[in-house]
Amino acid sequence: MEVKNNGQIFYIGDEENPDAKIHYSIGKKGINVKSTQVDPEKRGQGLAGYITKYVIDYARKEGLKVNPVCSYTVKYFEKHPEDEDVLYKK
Numbered sequence: 056m057e058v059k060n061n062g063q064i065f066y067i068g069d070e071e072n073p074d075a076k077i078h079y080s081i082g083k084k085g086i087n088v089k090s091t092q093v094d095p096e097k098r099g100q101g102l103a104g105y106i107t108k109y110v111i112d113y114a115r116k117e118g119l120k121v122n123p124v125c126s127y128t129v130k131y132f133e134k135h136p137e138d139e140d141v142l143y144k145k
């Protein structure tokens, strides 16, 4: 599965009608994950977890932290403590 990035959104599928997407911004805290969305017809296929893991790996590679504003991303970090090295902590 290919994840693309347009500078504001990481997405899977077509940019205009993605299967899954994460809205984000880059700030002093690192990558601010604002929302995670999956097309209703594609839910239950693991796309939210896949794209979230992609963003975490991207942050790690770029030397950034992830600031999870989105509730899905908060829960992802709770379930995946192995990724806490990139979690922004106050």
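Just so you know, the sequence shown maps onto residues 56 to 145 in the numbering used here.
C-beta atoms are modelled at their ideal positions from N, C-alpha and C, and glycine is treated no differently.
When DSSP labels each residue in this structure, what does D138 get in the three-state scheme? Here residue 138 refers to the residue found at position 83 when the sequence shown is read from its first residue. Of the three classes helix, strand and coil, the one that applies to D138 here is helix, per DSSP.
Helix or strand or just coil, what does DSSP make of K108? Counting from 1 along the sequence shown, the entry for residue 108 is found at position 53. The answer is helix: DSSP assigns K108 an H, G or I state.
Please list, in chain order, all residues of the same chain as S90 whose beta carbon is under 6 Å from its beta carbon, the five residues on each side excluded. Position 35 of the sequence shown, counting from 1, holds the residue named residue 90. Counting only Cβ-Cβ distances below 6 Å, and skipping sequence neighbours, we find H78 and C125.
Tell me whether Y131 sits in a helix, a strand or coil according to DSSP, three-state version. Position 76 of the sequence shown, counted from the first residue, corresponds to residue 131. Helix at Y131.
Based on Cα-Cα distance, which residue from E139, P123, L102 and K97 lies nearest to I81? The residue labelled residue 81 in the question sits at position 26 within the sequence shown. When only C-alpha atoms are compared, the closest one is P123.
Cβ atoms of V93 and A75: under 7 Å apart, would you say? The residue labelled residue 75 in the question sits at position 20 within the sequence shown. The residue labelled residue 93 in the question sits at position 38 within the sequence shown. Contact flag set, yes.
Can you check which of these residues, P136, D112 and Y131, is closest to I65 by C-alpha distance? Here residue 65 is taken as the residue at index 10 of the sequence shown, counted from 1. Looking at the sequence shown, residue 65 is not Ile but Phe. Among P136, D112 and Y131, the Cα nearest to that of F65 belongs to D112.
Cβ pair L142, F132 closer than 7 Å: Here residue 142 refers to the residue found at position 87 of the sequence shown. Here residue 132 refers to the residue found at position 77 of the sequence shown. Closer than 7 Å, so yes.
Which one of K84, P136, G68 and K145 has the shortest CA to CA distance from K108? In the sequence shown, counting from the first residue as 1, residue 108 sits at position 53. Closest option to K108, Cα to Cα, is P136.
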